[in-house]
Amino acid sequence: MVHMDSQVKSLVIVKSPALTPKAILNQKFASNAIYKTEELQNSSENICPGLAIPQKGPCLYRCHLQLPDFSLISEAFPRKKDAEQSAAKMAIEKLGIQSSTCESTLQDPWTELVARVSWLFTEKFLSSSHPLIGHFREALERNGEFHGFIPLSVIGACDLKIVNWCKSIHPGAESDPLIMLSLITKAARLHPICIPDDELWIRNKKTYSQKTIQTLANQYPRSAESVQLEAVLIPFMDEKPIEILTLNISPNHYYLDEIGSKLNLKDSSRVLISRPIGKVTSDMRLYFPAPEISSFSLDSSLEMQLNANECELLKQTLNKRASYLSVQNIYGDAILAVVGYTRRSSGFLYKHVSLSTYYRILVGKIPVGNYKLSREAMLVVDLPTNYATRSNWRGSSPRDLLSMFCHHHRISVPIFDIEIVNTSDIYLEKSKRLKQSCLPNLEDGFGCEKEFNSITNNDPDSLVYFRCVIKIFSSKNDLIVQYSQKDIYQKQTDAIQNASFIVISWLNAYFKQLDMSMSTLFANGQSCGIHVNTEIFLKEFGLCLPVHGASSIYDKQCSSVGSSTCNQPKQVQENETISFEINGPDSGISPSEGSLVCISYTVVLMSREKDLNQILETKDEFEFEIGTGAVIHQLDACIVQMSMNQTANFMIKIPSRDLILAVAFESAGSISQSSLCDYFLQYSVKLLRITYPFEKMLEAHFKPSLSKQRVEFAVRFINKSYAKTLVDFGCGSGSLLVSLLEHKTTLEMIFGVDISRRGLVHAAKILHSKLSSSPISVEGTTIKSVVLYDGSITVFDPRLYGSDIGTCIEVIEHMQEDQATLFGEMVLSMFCPRLLIVSTPNYEYNPILQKSSISNKEVDPEDKSQAAPCKFRNYDHKFEWTRKQFEHWANSIASKHNYSVEFSGVGGSGAIEPGFASQIAVFRQQSAPLEEKVLEGNEVGNPYEVIWEWNNVATKS
Ligand code: SAH
Ligand code: MG
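And the structure:
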C-alpha cells in the first residue's frame with residue numbers, strides 16, 4: 001500500500017495542474033501582495049440619442065498589484081478576477097519565478113484525497129451538515145446485506161473537495177466519471193477505515209454508535225409522503241426518442257434504488273452520477289449505469305485498465321446526447337433528474353424535469369439558441385447580422401454569448417486581450433480622408449461610414465484606441481481559436497463586443513451547418529481574421545454533429561421538408577416562402593429597413609388535419625430592428641409589407657424539432673411522440689408601433705450627427721449676436737437646451753416650451769441632474785436661469801416676448817401645415833425674437849437614403865408601392881417640405897413681419913443637389929417691435945404652465 005502511495009505521488013508531481021499565478025505569488029508573499037482593482041467606467045458608452053443620460057454599461061477592471069519591491073498595473077478585463085490573475089502573472093514574469101520551484105511547496109493532492117475520503121468515515125463527520133449524510137442515513141437504515149453500504153458514486157457527486165483533488169491528480173477525472181470513480185476507489189483502499197467491496201459500494205469497517213445513527217435520522221428527515229417525480233430518459237441509442245419517465249419515491253425507499261431499478265440495475269451501487277448539468281450550482285444531474293467492466297482500477301500511469309472488449313463496449317454504449325449535455329463520458333441509458341441531497345436544502349430535494357427543460361439546455365448550447373433564450377422569443381429571434389451598439393442589440397451581449405458558449409461546452413473562458421493603439425498620424429490622416437470622401441457621397445451606403453465610425457473620436461484630444469484579441473483555449477489548455485481584430489475602437493467595450501460578435505457569428509455559422517468540412521470552417525474563419533486549430537476544434541466539438549445534426553427517427557421521415565436540426569437549411573428554399581395574409585386598412589405608415597418596430601405575435605403549432613392547434617409562443621410586445629437579421633427572415637419579410645395597426649398571418653414549415661420541444665412545455669411529451677412532418681407553424685402578427693424609421697439613420701449617418709450639427713449651428717449664431725436670452729420652441733426632451741449647457745455661450749437665461757409633458761419631464765430630469773451635479777458644471781457657463789413651460793407654440797405667452805434668439809428645431813413638420821403657418825405668424829408678430837432659427841427636413845433629400853436602404857432588397861419592379869416604403873422620415877411627421885415649399889413659407893411670414901430671412905442647413909451641402917439634409921431658415925428682425933404689442937399680450941394672461949425652473953443662486957446676488 002505504502003509503495004503504491006509513493007508511486008502515485010511521483011506521478012502527481014508531473015500531472016499536477018498549474019497553480020494560478022495568484023496562488024504562486026501567495027506562497028511567496030502572502031499578505032505582502034496587495035491587490036487593488038479599479039473599475040474603469042464605460043458609462044459614456046450608451047448615451048440615449050439626444051439626451052446625455054449615461055447608462056452603466058458592463059465595466060472593466062484593472063488591477064494594481066503592490067509587492068514589497070515594485071508595483072504594476074494589469075490590463076483591463078471584464079472580470080475582477082482575471083485582472084488580478086493577469087497582474088499576478090506579470091509579477092511572476094518580472095520576478096522570474098520558476099513554476100517548478102513552486103511545485104515542491106504544493107499540497108499533495110493524493111494525500112489530500114485520501115485524507116478527505118477517510119474523514120467522511122469518521123463519527124465526527126456525521127455530525128456535520130453535508131449532503132452525503134443523507135446517503136449515510138439511508139445506508140444505515142437499510143436492513144440486511146447492504147446495511148451501511150454507500151454507493152461509491154455519491155462520494156464524488158456530493159463532495160466538491162473530492163472532485164477537486166481528483167481533478168488535480170488526473171485532469172481527465174473531470175470529463176470521465178469512470179476515472180473519478182477509480183481514483184476514489186484507490187483512495188478508499190489506502191485507508192483502513194473504509195473498505196470498498198469489489199462492488200461499487202463503500203462502507204465503514206467500524207460500526208457507528210446507536211446515538212450517532214439516531215441523530216442522523218433526525219438531521220436529514222425523509223420526505224413524509226410518496227413522490228412521483230418526473231425525469232427525462234435519454235436512451236443511448238441515438239435513434240430512440242427522449243422520453244419522460246416517472247420515478248416513484250416512497251418514504252423508506254432510497255431514491256438511488258428507484259433510479260437503479262429504472263435503469264435495470266441490480267442495486268444502487270451501479271448507478272453512476274454525472275456532474276451538475278448547466279450551472280455549477282445546479283442540482284440537475286444524469287444518472288447512468290456503471291459499465292460492465294472487470295475492474296475500476298487504474299494502471300501506473302493512472303489510465304483505466306481496460307481490455308479491447310471493454311474498450312469496444314464503452315465505445316458502443318457511449319450515450320452521445322447525455323455526454324454532450326454534461327461534457328462527460330456517459331454510458332448506457334441516462335436519466336436526467338433533479339433529486340437527492342444537496343447543500344442548499346436540508347433534507348431531500350426534488351424537482352420535475354420536463355422534456356422542454358432538456359431541449360432548452362440543448363438549444364442553449366448553440367450561440368443562436370442562447371440568444372433566443374436570453375430574448376425569451378425562441379421561435380422568432382435570430383442572431384443579428386451585426387453589432388453596432390448596445391442599444392440596438394437586445395438580449396445577451398456578444399461577449400456574454402461567447403462566454404456562455406465556452407461555459408456550456410466546458411472549455412476555458414475566452415481571454416479578451418486589449419491592445420492599446422496609439423493612433424499615429426496615419427490614422428488621423430485616414431480619418432480626415434474618409435471624412436472628405438465619405439460624407440458628400442451618401443450613395444456609397446453605410447460601408448465607408450462604418451469604417452469611419454470606428455476611428456472617429458468624440459474627444460479630439462484623446463488619441464488612444466483599442467483593439468481586441470480573443471483567445472479561446474480548450475479544456476486541456478490548447479489554443480482553439482484566435483481572433484485578432486483589425487478595426488480599432490474608441491472604447492474598450494466596443495472593441496470587445498465587436499470582436500466577440502465576429503467570433504460568435506462564425507461559430508453560429510458552423511452550428512447552422514454542422515456537416516461543414518473542417519477546411520470550410522477554417523476558410524470561413526480565415527476570411528474574417530479568425531485562426532482556428534481544426535484538430536482541437538473537432539476534439540472539443542466532435543459530439544455537436546451527432547447530437548444537433550443527426551436527426552431523430554421522426555425527423556428522418558420528414559427529411560424532404562428540409563428540417564435540419566439547427567435552424568435554416570443551408571439554403572433558403574424557394575418553396576419555403578409562405579403565403580402572407582395581411583389584414584386591416586393601410587394606415588399609410590409603414591416600416592422600412594432599419595425601422596425599430598414593436599409587434600405582438602402568437603405562434604401556433606398546427607397539423608395539416610387541423611386536429612392539433614397548440615400555442616407555442618405568444619408575446620404582447622416584442623421590439624426589433626427590421627433588416628438586421630434580428631428575427632427569422634420570414635417575419636422580417638412580412639413586417640416590411642405591413643403598415644401600422646395591421647395584422648398578418650403566415651405559415652412556415654417546422655424549423656427544428658429541438659426548438660419546437662424547447663418551447664412546448666406541458667405538451668412537449670405528446671408532441672415528441674408524434675411525427676412532426678405533418679405539422680407547420682402559423683404566425684399571427686400585429687404591427688403595434690414603429691419607433692423610428694430612417695430619420696434616426698439619417699441623423700447617425702452624418703458625423704457629427706445632424707442634431708449635433710444643428711446645435712453647433714445655433715451656438716454660432718448665439719455667440720455672434722451676443723444673445724443673452726433664448727427660447728426653444730418645441731424643446732421636446734431638451735436635447736438643445738442640454739447641449740447648450742455644455743457649450744461656451746453668451747447665454748444667461750434659457751426657456752423651453754413644448755406641448756408634450758412626457759418630453760418636458762424628461763428634459764427637466766436631465767437638466768436637473770446636469771445642473772445640480774455641480775452648479776456650474778461646465779467651466780465658464782454664464783447661464784443663470786432655465787425655465788420649462790408646458791404650452792403650445794401657436795399660443796402667445798408674454799413671458800417669452802422679445803428674446804435675443806428663438807430656436808425651433810425639427811418641430812414644424814410635427815404640426816399640421818396650417819398650424820405651422822400659424823406658428824410662423826405668431827412667433828414673428830408676437831414673440832418677436834431678434835433672431836429666429838427654424839429647421840425642418842428637406843424632403844428632396846429623402847430618396848438618397850431611401851435608395852441606399854432598400855437597394856440590397858429585391859424590389860419588384862411591378863409593384864410601385866414598394867419603392868418608397870416610408871414617405872416621411874418619421875411617422876409623426878405631418879409633412880415634409882421641399883426647399884421651395886420651405887422658402888415660400890419663410891419668405892411670406894418674414895416679409896409680412898419685417899424680418900429678413902436667409903436659408904442654410906446641415907448635413908451635406910447647400911451647393912450640391914438636393915441640398916442640405918436638414919434645411920434651416922434664419923430670420924432677423926429688421927426693426928424693433930412696437931411697444932403696444934407687449935401690452936396687448938399682457939391682456940391674454942400667462943397661458944403657459946411652468947413645469948420646472950432653475951436659478952443659479954450663486955450668481956443671483
Ligand atoms: N426640438 C426638439 C424636439 C423635436 S420633436 C429636438 O430637436 O429634439 C418635435 C416636438 O415638437 C415634440 O416634442 C412635440 O411635442 C413638439 N410640438 C409639436 N407641436 C407642438 C406645439 N403646437 N406646441 C409645442 N410643441 C409642439
Ligand atoms: Mg421631426
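Note that full-length UniProt numbering numbers the sequence shown so that position 35 is 35, with each residue one more than the last. Glycine included, C-beta positions come from ideal geometry on N, C-alpha and C. Only a predicted model underlies this, so the values are computations on that prediction, with no experimental measurement involved.
Going by beta carbons, C194 and S118 fall inside the 8 Å limit. Judged by DSSP in its simplified three-state form, F473 adopts strand.
Screening all residues for a C-beta within a distance smaller than 6 Å of any heavy atom in ligand 2 leaves E810, E813, H814, N874, H877, in chain order.
Under the criterion of beta carbons closer than 8 Å, S354 and Y371 do not qualify as touching, at roughly 22 Å. Counting other Cβ atoms within 10 Å of its Cβ, R757 stays below 16 and is therefore classed as exposed.
Fully enclosed alpha helix (DSSP H) runs of no fewer than 4 residues occupy 817 to 826 of the segment 792 to 850, in order along the chain. Of the residues assessed, G332 falls on the buried side of the cut-off, its CB having 16 or more other CB atoms within 10 angstroms. Fully enclosed beta strand (DSSP E) runs of no fewer than 3 residues occupy 679 to 692 of the segment 652 to 700, in order along the chain.
In this chain, A388 is not harboured by any alpha helix (DSSP H), its DSSP state being neither H nor E. Between ligand 1 and the CB of T20, the shortest heavy atom gap is not smaller than 7 Å. Looking at the DSSP output, H531 shares a beta bridge with Q482. Following the DSSP letters along the chain, one finds W165 inside the alpha helix (DSSP H) bounded by residues 160 to 169. The closest CA to that of D620, considering only I626, Y601, E609, is found on Y601. Two segments are said to touch when three or more pairs of C-beta atoms, one from each, lie closer than 8 Å; by this definition the segment 876 to 892 touches the segment 809 to 816. In the structure shown, N204 adopts extended strand secondary structure according to DSSP, grouped into three states. Excluding residues up to 5 positions away in sequence, L178, E310, L313, L314, T317, Y331, G332 lie with their Cβ nearer than 8 Å to the Cβ of P291 in the same chain. By the beta-carbon neighbour count (other beta carbons within 10 angstroms, threshold 16), R137 is buried. Under DSSP, M378 takes part in no beta bridge, so it has no partner. By the C-beta criterion, the segment 820 to 834 is judged to be in contact with the segment 789 to 801, since at least 3 inter-stretch pairs fall below 8 Å.
Under the three-state reduction of DSSP output, W393 falls in the coil class, being neither helix nor strand.
Within the segment 696 to 782, the complete alpha helix (DSSP H) segments at least 4 residues long are 706 to 720, 735 to 742, 757 to 773, listed from N- to C-terminus. K703 and Q66 have their alpha carbons spaced roughly 44 Å apart.
With the rule of 3 Cβ pairs closer than 8 Å, the segment 762 to 769 counts as touching the segment 724 to 733. The residue from R275, W948, T389 with its alpha-carbon nearest to that of H768 is W948. In the DSSP annotation of this structure, G364 is not part of any beta strand (DSSP E), being labelled neither H nor E. Under the 10 Å beta carbon count, S527 is surrounded by fewer than 16 other beta carbons and is classified as exposed. As summarised for the segment 876 to 909, the continuous beta strand (DSSP E) elements at least 3 residues long and confined to that stretch are 899 to 906, given in chain order. At least one heavy atom of ligand 1 lies less than 7 Å from the C-beta of C731.
With the rule of 3 Cβ pairs closer than 8 Å, the segment 630 to 637 does not count as touching the segment 604 to 618. Around the C-beta of Q816, fewer than 16 other C-beta atoms lie within 10 Å, and the residue is accordingly described as exposed. In the three-state scheme derived from DSSP, where H, G and I count as helix and E and B as strand, N309 is classed as helix. Listed as beta-bridge partners of T37 by DSSP are C63. Excluding sequence positions up to five before and after H877, its CB lies within less than 6 Å of the CB of E813, all in the same chain and listed in chain order. Contact between L229 and L247 holds: CB atoms are separated by about 4 Å, below the 8 Å threshold.
DSSP, read as helix, strand or coil, puts P289 in strand. Looking from the CA of E239, the closest CA among P546, A337, V922, R608 belongs to P546.
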